[in-house]
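Trainee:
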Amino acid sequence: MIKSKSRLTHADRVLQYLKNKDQPLSAYDILEGMRSEGVAAATTVYRALDKLLSIGLVHKIESLNAWTVCCGSHNNKTPVFEICNDCGYVKEHLDQDFTNNINNLSKRTGFIPDNPVLEIHGRCGACANNYLSA
Ligand SMILES: [Zn+2]
Ligand SMILES: [Zn+2]
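Counting along the sequence shown from 1, when you hit position 105 you're at 98 in the working numbering, and nothing is skipped either side.
#1: Rounded to the nearest angstrom, what separates N97 and G26 at their Cα positions?
#2: Is it right to say R76 is buried, meaning 16 or more other beta carbons lie within 10 angstroms of its own, or is it exposed?
#3: Determine the burial state of A34: buried for a count of at least 16 other Cβ atoms within 10 Å of its Cβ, exposed for fewer.
#4: Output the distance between the C-alpha atoms of K100 and K70, rounded to the nearest integer angstrom.
#5: Do the region 82 to 91 and the region 41 to 50 meet, that is, are 3 or more Cβ pairs less than 8 Å apart?
#6: Spatial neighbours of K(-4) within its chain, please: C-beta separation below 8 Å, excluding the five flanking residues on both sides.
#7: Looking only at its own chain, which residues have a Cβ that is under 7 Å from the Cβ of L42, when we skip the five neighbours before and after it?
#8: Can L11 and L18 be called in contact, C-beta distance under 8 Å?
#9: Quick test of your reading: N58 and R116, contact by CB under 8 Å. State the CB separation rounded to the nearest angstrom.
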């Protein structure tokens, strides 16, 4: 089903905007980028992001204070993000063993994670090669 542009919700439009970018964006970047589409208030963007987060379509990368589109179906797996400090490459991974370990930890400690996301900073393969050969 194709919705006409005017009938898309703000959440739909923010999701579409993020999908067209290949890197995570701050709410401010989204707002700036969507001004030409008539989005003028930060609260509009935040509300849209909250909605998308609650239905699992986007993730917030806390260490970058930025938002990115979810890679797809999680099936309750905990996402792991690799974040390159040099080029800004960000990739979401889903790993069952890792998820089991997080779940086991929670069972042992009784800690209830909100919305577990692991963020790993470092160098992506391409940047690591450049670094080593420099
Ligand atoms: Zn995801
Ligand atoms: Zn890199």
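Using N, Cα and C, we set each Cβ at its ideal position, and we do this for glycine too.
Mentor: Result, derived from the coordinates:
#1: 42 Å
#2: This sequence places Ile at residue 76; Arg is not what is there. Classification for I76: buried.
#3: exposed
#4: 16 Å
#5: no
#6: In this prediction, K(-4) has a pLDDT of 49, which is less than 50 and means its spatial position is unreliable; what the coordinates show is noted afterwards. Correct list, in chain order: D5.
#7: V7, A20, V51, W60
#8: yes
#9: No, N58 and R116 are not in contact; Cβ-Cβ is about 21 Å, not under 8 Å.
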